[in-house]
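K.L.:
Going down the list, the sequences are from chains P and U. In this text, residue positions in the first sequence follow our numbering: the first is 546, and each later residue adds one. In this text, residue positions in the second sequence follow our numbering: the first is 546, and each later residue adds one.
Protein chains: 2
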Amino acid sequence: MQLALEIDLSAASLQNQVFKQIHGLIVSGRLKPGARLPGTRALSEQLGVSRNTIILAYETLTSEGYLESREGAGTYVSTTFPDNSLSVASGSNHDATYHKPVHLFVPVADDKKRSVPPSEIVCDFALESTDPACFPRSVWRRLTNWRMQSSKFNLTYSGTPKGLRELRETLAAYLGASRGISCTPDQIVIVTGVQQALNVAAHLFVRAGTTVAMEAPGCRTTADLFRAYGAHIAPVPVDQSGIVVRHLPQSRNGVAFATSARQYPMGVMLSASRRDILLNWADQTDSHIIEVDFDTEIRYQGSPPPPLKSLDTHGRVVYVGSFAASIGPGLRVGYMVLPPHLVDPAVHAASLLDHGFPCTGVPWLEQAVLNDFIETGAFEKHLRKIRKTYMARRDCLILALQKHIGSVQINPVHCGTHLVWELPPDFPSAVKLQTLMLKQQIGVYTLRDQNIGDADYLENCDRYLLLGFAALSETAIEEGISRLAKAL
Amino acid sequence: MQLALEIDLSAASLQNQVFKQIHGLIVSGRLKPGARLPGTRALSEQLGVSRNTIILAYETLTSEGYLESREGAGTYVSTTFPDNSLSVASGSNHDATYHKPVHLFVPVADDKKRSVPPSEIVCDFALESTDPACFPRSVWRRLTNWRMQSSKFNLTYSGTPKGLRELRETLAAYLGASRGISCTPDQIVIVTGVQQALNVAAHLFVRAGTTVAMEAPGCRTTADLFRAYGAHIAPVPVDQSGIVVRHLPQSRNGVAFATSARQYPMGVMLSASRRDILLNWADQTDSHIIEVDFDTEIRYQGSPPPPLKSLDTHGRVVYVGSFAASIGPGLRVGYMVLPPHLVDPAVHAASLLDHGFPCTGVPWLEQAVLNDFIETGAFEKHLRKIRKTYMARRDCLILALQKHIGSVQINPVHCGTHLVWELPPDFPSAVKLQTLMLKQQIGVYTLRDQNIGDADYLENCDRYLLLGFAALSETAIEEGISRLAKAL
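1. Since I believe Leu709 of chain U is in contact with Phe918 of chain U (beta carbons under 8 Å), could you give me their beta-carbon distance rounded to a whole number of angstroms?
2. Measure the Cβ-Cβ separation of Thr962 of chain U and Ala1015 of chain U and say whether it is below 8 Å.
3. Run through chain P and tell me which residues come within less than 7 Å of Thr737 of chain U, C-beta to C-beta.
4. Which of the three DSSP states, helix, strand or coil, is assigned to Tyr611 of chain P?
5. Which term fits His893 of chain U, buried or exposed, when burial requires 16 or more other beta carbons within 10 angstroms of its beta carbon?
6. Along the stretch 953 to 965 of chain U, what residues have a CB closer than 9 Å to any CB found in chain A?
7. Can you name the start and end residues of the alpha helix (DSSP H) that Tyr935 of chain U belongs to?
8. By the three-class DSSP mapping on this structure, what secondary structure does Ala1021 of chain P have?
9. Hey, Cys960 of chain P and Glu1019 of chain P are a contact pair by Cβ (cut 8 Å); roughly how many whole angstroms apart?
10. Which whole-angstrom value describes the C-beta separation of Gly998 of chain P and Pro780 of chain P, a residue pair presumed to lie in contact below a C-beta threshold of 8 Å?
11. What residues from chain U crowd round Lys926 of chain P, counting only those whose CB sits closer than 8 Å?
12. With a cut-off of 8 Å on the beta carbons, I'd call Asp838 of chain U and Gly738 of chain P a contact; round off their distance for me.
13. Please classify Asp971 of chain U as buried or exposed, where buried requires at least 16 other C-beta atoms within 10 Å of its C-beta.
14. In chain P, what lies closer than 9 Å to Ala768 of chain U by C-beta?
15. What residues in its chain sit with their C-beta under 6 Å from that of Glu1023 of chain P, if we drop five residues either side in the sequence?
16. Does the stretch 907 to 917 of chain U come close enough to the stretch 765 to 783 of chain U that 3 or more CB-CB pairs lie under 8 Å?
17. If we count the other Cβ atoms within 10 Å of its Cβ and call it buried at 16 or more, is Ser695 of chain P buried or exposed?
18. Taking a contact to mean a Cβ-Cβ separation below 8 Å, would you say Ala1021 of chain U touches Cys668 of chain U in this structure?
19. Using a Cβ cut-off of 8 Å, pull out every chain P residue sitting near Ser695 of chain U, in sequence order please.
20. Please state the DSSP three-state secondary structure of Asp842 of chain P.
21. Mind listing the chain P neighbours of Asn744 of chain U? Cutoff is C-beta to C-beta under 7 Å, in chain order.
22. Using a Cβ-Cβ distance under 8 Å, would Gln591 of chain U count as near chain P?
23. List the residues of chain P whose Cβ lies closer than 7 Å to the Cβ of Gln562 of chain U, in chain order.
24. Since Leu853 of chain U and Ala803 of chain U are thought to touch, with beta carbons under 8 Å apart, how far apart are those beta carbons, to the nearest angstrom?
25. Can you say whether Arg797 of chain U is buried or exposed, counting buried as having 16 or more other CB atoms within 10 angstroms of its CB?
26. Closer than 8 Å, Cβ to any Cβ of chain U: which residues of the stretch 840 to 851 of chain P, in chain order?
27. Beta-carbon of Phe1014 of chain P versus every beta-carbon of chain U: anything under 8 Å?
28. Between Arg672 of chain P and Pro810 of chain P, what straight-line distance do the alpha-carbon atoms span, to the nearest angstrom?
29. Which partner residues does Val837 of chain P have in the DSSP bridge list?
30. If you drop the 5 nearest sequence neighbours on each side, which residues of the same chain put their C-beta closer than 7 Å to that of Leu606 of chain P?
31. Of all Cβ atoms in chain P, is any one closer than 8 Å to the Cβ of Glu665 of chain U?
32. Say whether the stretch 719 to 727 of chain U touches the stretch 571 to 585 of chain P, bearing in mind that this needs 3 or more beta-carbon pairs closer than 8 Å, one atom from each stretch.
33. Is there a C-beta anywhere in chain U that falls below 8 Å from the one on Thr689 of chain P?
34. Taking three-plus beta-carbon pairs below 8 Å as touching, is the stretch 575 to 593 of chain U in contact with the stretch 712 to 723 of chain P?
35. Would a C-beta distance cut-off of 8 Å place Lys833 of chain U and Val882 of chain U closer than the cut-off?
36. Could you check the C-alpha separation between Thr991 of chain U and Gln808 of chain U for me, to the nearest Å?
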């Protein structure tokens, strides 16, 4: 690396200047023990001084114990220092003097922090958790190696703004067959995940005062996001057939956020008639629907219901797909399917958020390997495997609840990775139960965490407990529920 | 994959329902020629009908020519269809009927579009272009393979919100030694690049009416970005010593955007005294500085100047680093160095933009391999190589200009990948020259593209031509300049 040194060529003793500045970098902790120094030739070229000057400065630093040279390997900062008064502590201490509170555009949701550190939870029925051990790593590695061998300039090249063409073609074919969504690859924009897609959609549809209808209970981070764009959130209740469409706001140019295949977090499916009403509402109020399809692939029974996008005849729906549930959130690839006239504005919005240059925000390698993963059928095979595994865990959880608690009221879990349990009337509230369980080092979840800002609703929602099952072994599930029952 | 079929078990002829729906998927183009159908057993499980029903439906479709079965490999959609009236054209045609204009939060910068398609430009002196052929692909591949072998759950796991710890440690050490920035790994947040970092910074500091001081000429996409957050952009002129600090706005709680090491696009370095004045201005007006260090590593002479961050004693500076110039924009990894009290708010802002879940927006693999690339010294070696290559191209460009044009007035190019040429008074304007050159299929650039909204400034800026050199071979540079001279 080039060291941050500045030499005054007109001043005396260049060698001393080099010595002093490298010494300064070492004692201030900027140059860390074990760090490799640049070669004497490179440094002399950088500073415009003779190589001999650098050699002499290095020798002095070495004789004083700050540097050590390793035979044939170069010069390094010593790992043992000449004096103990050395302040190797790093970090700008002066920064600590400045503590002006920051007025965030949106508040930090600190109430989402747990009262018990996650490390102390031994059995966590966490929501939106999946089991990374199910992922076929060796297949992914093989596909990665194969792509790396033919990578040429793709690794560092900016690529196209919509994302890898191949992947968009594969997704268009996949969506046609598995979701009934008819779209061209040009209507697809690859993004880093659902959250980025929602930001793009917010850029397209939301400004100060725009009404965003959201399912309640719903995804609070999504409500926070839309609020950051100045939206007014209109919570719309959810029943056993999904969002209660007669409560949709009637303001014009609005937005509705919908998880139609499986409402998050209640797990219910939007009924066919409500699908039609929701689409009509969008047309009549000149509004748009942002449809997020998060975990439809993790389906245990029946066919996935038709997405709103597949029924959309007026270009009102932006469909957002994700691999966070099916592959894992670490992949960082998602996609949007847009009506044709919204594609260019969406690409522009994405470039404001992420790209800057005309390139996609997702590295080429992840896009290419994901394409091959789908195309070779490995994704399908993986889905079959996790469906089987997660279904066994779901059944184990239901059986454990019946065994240890007795009769339990549970929303059907045809799809997804958690169940919603309506607590019996004589049970303590969900929030109390959560606190009780935390003392047992068990993580269970309530609808409070999914509150999107409707105070009335909060009072009624305390009768539901949410339990994620996909990331836990059957043994852990059995043990967790048995502890839960004992603590009651 | 699971097909999007819906079976009414109470209705007659299940087999006919399956037939009709698969037929519908094929003729509507949703299920494409060559697509593999799910196995009969899997489909019968999905739909809850007998396997025989599926087999019979498949057989009918096969006999009618819609499907073909390949020995031992399953059933596929035919690549040759039974009738020519088949509409295989995909894409929702109905979407085309809806063409309501979209009111974007910010305007699409369509004036940035070229009048000649890029494919017709044979010699493009594009700005911010580097040569992907210089990148050590085999080293990167080796490091990737090595990381893949030990990947375990990292590939799909969400990771930590700030980014890979190892990489943040490596960056902290690198920044200490090469930039004189003293920071801990905890002050670093990994992002997908400069653009995402700017969005995070905008969330922290910008709301409706906030004054953002920007160098003029400057980076227009950055101005667009801040405007999208409601900022009022205050253009501040740039001279040979960088941003003219006496023109900084005096409003409180403002922001200044600074490219201190090498002003973009003028290529000048911010003088030491102005660095101090800029930092004092931030303190006195309760403002923050967003410092973007884009291409300091590509330095041909002398040491890089100390970043504002290394001189910041009051936590006023957010430093943004990138690998887009040194490695390539396709990598999609950048980072922010924040004062300690701003780290948590920045992580929260980043989670609104991208993460959603508590995880970083950059895939693990890119972070891990980048870490190894820096740690093993391969990055340093790569930098030495591109410095040499790009310096030769810079020198070739200057020589070609002198040879074909004569005496040329050029800002010093100690650093970076383009030069700024002040046209002689008798030359046509830069914009005219650009049009002239496009007819010769040569891309040259003007300050108009870097206009951040100061109309007065525009009249004076037409005497500068910008020429990027890093991505062009010496032969191409010589040829391009010779054509330029002939066209004059």
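Ideal Cβ placement from N, Cα and C applies to all residues, glycine included. Values in this document were obtained by computation on a predicted structure and should not be read as measured data.
P.N.:
To lay it out plainly:
1. 13 Å between Cβ atoms; not a contact.
2. yes
3. Thr737, Asp899, Gly906, listed in chain order.
4. coil
5. buried
6. Included in the structure are the protein chains P and U, with no chain A among them.
7. 923 to 949
8. helix
9. About 20 Å separates the beta carbons of Cys960 of chain P and Glu1019 of chain P, which is beyond the 8 Å limit, so they are not a contact pair.
10. Right, their Cβ atoms sit about 6 Å apart.
11. Correct list: empty, because the minimum Cβ distance to chain U is about 11 Å.
12. Here Asp838 of chain U is actually not in contact with Gly738 of chain P; their C-beta atoms are around 27 Å apart, not less than 8 Å.
13. Answer is exposed; the Cβ neighbour count stays below 16.
14. Near Ala768 of chain U there are no residues of chain P at all, since even the closest Cβ is about 11 Å away, more than 9 Å.
15. Ala945
16. no
17. exposed
18. yes
19. Near Ser695 of chain U there are no residues of chain P at all, since even the closest Cβ is about 10 Å away, more than 8 Å.
20. The sequence shown places Glu at residue 842 of chain P, not Asp. It is coil, neither helix nor strand.
21. Leu898
22. yes
23. Correct list: empty, because the minimum Cβ distance to chain P is about 12 Å.
24. Rounded to the nearest angstrom, the Cβ distance from Leu853 of chain U to Ala803 of chain U is 6 Å, consistent with a contact under 8 Å.
25. By the 10 Å Cβ count, Arg797 of chain U comes out exposed.
26. Of all residues in the stretch 840 to 851 of chain P, only Glu842, Arg844, Gln846, Gly847, Ser848, Pro849, Pro850, Pro851 place a beta-carbon less than 8 Å from a beta-carbon of chain U.
27. no
28. In the sequence as presented, Arg is not what sits at residue 672 of chain P; that position holds Leu. If you take the alpha carbons of Leu672 of chain P and Pro810 of chain P, they lie about 9 Å apart.
29. P:Val865
30. Phe564, Ile567, His568, Leu612
31. No, no contact with chain P.
32. yes
33. yes
34. yes
35. In the sequence on display, residue 833 of chain U carries His and not Lys. In this structure, Val882 of chain U does not lie closer than 8 Å to His833 of chain U by Cβ.
36. CA-to-CA, the gap between Thr991 of chain U and Gln808 of chain U works out to about 15 Å.
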